[in-house]
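Reviewing the structure listed below.
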Amino acid sequence: SGAVLATIKAFMSLAEHIGDNATEMKQQVVIRVKAPLITHVSSGSPELVYCLLKHVDALVNMVPGVFDDEYRQFYVRYHEPTHIKYLKVDLLSKLANPDTAPDIVAELTDCVASTDVTMSRLSVRALSRIACRNTGGEGCAESIARRLVEMLDLSLGHVCSEAATALKDVIRKHPTLKSLIAPPLPRALKYTTEPSGKASIIWLLGECGDIISEAPYSLEKLIDGYEDIKEPMVKIALLSSTVKLFFKRPPEVQKMLGRLLSQATQDVSSQDLHDRALLYYRLLKTSADPKVVEGIVNTETLIQDGVFFAEEQDDEQRALLMEEFNTLSILYDKTAESFVAEEYQVKYMKMPAEHPLAPNAPPMAPPPTVDVAGTADHLGTMDLH
1 SGAVLATIKA FMSLAEHIGD NATEMKQQVV IRVKAPLITH VSSGSPELVY
51 CLLKHVDALV NMVPGVFDDE YRQFYVRYHE PTHIKYLKVD LLSKLANPDT
101 APDIVAELTD CVASTDVTMS RLSVRALSRI ACRNTGGEGC AESIARRLVE
151 MLDLSLGHVC SEAATALKDV IRKHPTLKSL IAPPLPRALK YTTEPSGKAS
201 IIWLLGECGD IISEAPYSLE KLIDGYEDIK EPMVKIALLS STVKLFFKRP
251 PEVQKMLGRL LSQATQDVSS QDLHDRALLY YRLLKTSADP KVVEGIVNTE
301 TLIQDGVFFA EEQDDEQRAL LMEEFNTLSI LYDKTAESFV AEEYQVKYMK
351 MPAEHPLAPN APPMAPPPTV DVAGTADHLG TMDLH
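Under my numbering, residues 1 to 385 are what the sequence shown spells out, in order.
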């Protein structure tokens, strides 16, 4: 396996300097080493398998689609250590295409029911990534949304919370799914206990409030019990959703919004919450045109196709990591300068432009000739005593 990874690194370095299309050449390299990599991943010690999977992950990010047909090799096995299971779940979401997505989604859905809480959370997040990246083909996002909606009614608190957070991301990418996601939200709000999940459901109520008849009344119960809410993220979500809902259904929300602003502007538990409440209050009080305030509050949250969330746009970091392929940098997802002291760092030097082996370099001057006969005569006349 070490020889395989070293060979990959060597050919990747050559691909940068040979030919005009480095991307295509790198793809050809990965296609040729895919079989030995999969063989080693399927039959090796847990430590070796984890190391290889991290390198496979780096290759999948560099040339998407090459490993898609081998997705079954990355299914989670019951006897594997947890760190390998977690990595495989993350990898499966990157191997989804219109042909493989149905099987991968079914496998990840089965993993959600795992007794390992972390495994369940990662599986829900993987489903969300497939839906948000829209790699599963037509109807895949809707199918995943239906599964996530069903998870809202499960008795597992962590699954409900992760499903709500996932639906918040999905609806930003696919706003046409509002009618599918909206109906169970008021019911889910009553039983979700984790702050992140509750904040996500409150945010969804604000987004879908125009099609959920009981949305204002669900939020009003929270406003009446404002003093019992301890988490700032829940309060901020409640404030934002109530203001959004005010412009969609003013008669029902006006009085409860006034009560909420009164309490939030006096709340000093969170500076962000306090400042937001003041901003909304001053906008509503001083603006001559309500349409201007509505344009500020109801900002478009749609994410266009081909655009990822900001935290997923790490192409520059990935490029730096590929320069340190077959090192600990791939395992840590950090460049060497992040965890190796400067005096111990290996400096990677690229070939300079004037290098004699460069493709367009001028021919080297011939080495100077040596007069062997003259040198021998000179040595013969030297006095060695």
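Glycine included, C-beta positions come from ideal geometry on N, C-alpha and C.
Can you give the Cα-Cα distance for residue i and residue j, rounded to whole angstroms?
| i | j | result |
| --- | --- | --- |
| residue 273 | residue 237 | 9 Å |
| residue 157 | residue 230 | 18 Å |
| residue 337 | residue 81 | 29 Å |
| residue 56 | residue 37 | 8 Å |
| residue 150 | residue 286 | 44 Å |
| residue 335 | residue 121 | 28 Å |
| residue 9 | residue 326 | 7 Å |
| residue 39 | residue 140 | 30 Å |
| residue 195 | residue 257 | 21 Å |
| residue 242 | residue 29 | 54 Å |
| residue 130 | residue 123 | 11 Å |
| residue 271 | residue 197 | 22 Å |
| residue 67 | residue 269 | 49 Å |
| residue 205 | residue 106 | 28 Å |
| residue 252 | residue 167 | 26 Å |
| residue 48 | residue 213 | 55 Å |
| residue 11 | residue 54 | 19 Å |
| residue 177 | residue 283 | 31 Å |
| residue 96 | residue 71 | 8 Å |
| residue 109 | residue 174 | 20 Å |
| residue 332 | residue 182 | 40 Å |
| residue 239 | residue 267 | 12 Å |
| residue 447 | residue 98 | As displayed, the chain neither begins before 1 nor continues past 385, which places residue 447 out of reach and without an answer. |
| residue 376 | residue 343 | Note that residue 376 scores 49 on pLDDT, short of 50, meaning its location in the model is unreliable and no value can be drawn from it. |
| residue 188 | residue 118 | 21 Å |
| residue 330 | residue 43 | 21 Å |
For a test of the three-state rule: what should DSSP assign to residue i, helix, strand or coil?
| i | result |
| --- | --- |
| residue 208 | coil |
| residue 390 | The chain is shown from 1 up to 385; residue 390 falls before or after that span and cannot be answered. |
| residue 8 | helix |
| residue 249 | coil |
| residue 255 | helix |
| residue 101 | helix |
| residue 71 | helix |
| residue 63 | coil |
| residue 388 | The shown model of the chain, from 1 to 385, leaves out residue 388, and the question about it has no answer. |
| residue 183 | coil |
| residue 1 | coil |
| residue 317 | helix |
| residue 81 | coil |
| residue 57 | helix |
| residue 386 | Coverage of the chain is limited to positions 1 through 385, which leaves residue 386 absent and any answer about it impossible. |
| residue 96 | coil |
| residue 112 | helix |
| residue 376 | For residue 376, the pLDDT reaches just 49, beneath the cut-off of 50, and the residue's location in the model is therefore unreliable, although a value from the coordinates is still provided. DSSP places residue 376 in helix when its eight states are reduced to three. |
| residue 197 | helix |
| residue 157 | helix |
| residue 128 | helix |
| residue 334 | coil |
Buried or exposed: where does residue i fall if 16 or more other Cβ atoms within 10 Å of its Cβ makes it buried?
| i | result |
| --- | --- |
| residue 296 | exposed |
| residue 190 | exposed |
| residue 339 | exposed |
| residue 100 | buried |
| residue 86 | buried |
| residue 18 | exposed |
| residue 83 | exposed |
| residue 220 | buried |
| residue 126 | buried |
| residue 136 | buried |
| residue 59 | buried |
| residue 255 | exposed |
| residue 235 | buried |
| residue 216 | buried |
| residue 185 | buried |
| residue 5 | buried |
| residue 2 | exposed |
Measuring alpha carbon to alpha carbon, tell me which of the options ends up nearest residue i.
| i | options | result |
| --- | --- | --- |
| residue 94 | 320, 62 and 110 | 62 |
| residue 170 | 148, 190 and 24 | 148 |
| residue 278 | 261, 223, 324 and 327 | 261 |
| residue 227 | 263, 33, 105 and 248 | 263 |
| residue 34 | 52, 46, 104 and 225 | 52 |
| residue 180 | 15, 290 and 208 | 208 |
| residue 162 | 176, 173 and 145 | 145 |
| residue 280 | 314, 255, 244 and 250 | 244 |
| residue 92 | 73, 289 and 246 | 73 |
| residue 225 | 240, 154, 259 and 98 | 259 |
| residue 142 | 210, 111, 102 and 154 | 102 |
| residue 248 | 199, 42 and 294 | 294 |
Q. Quick one: complete alpha helix (DSSP H) runs, 4+ long, within the region 9–53?
A. List check, alpha helix (DSSP H) in window: 22–42.
*Ignoring anything shorter than 3 residues or poking outside the region 272–301, list the beta strand (DSSP E) runs there in chain order.*
The qualifying runs do not exist here; there are none.
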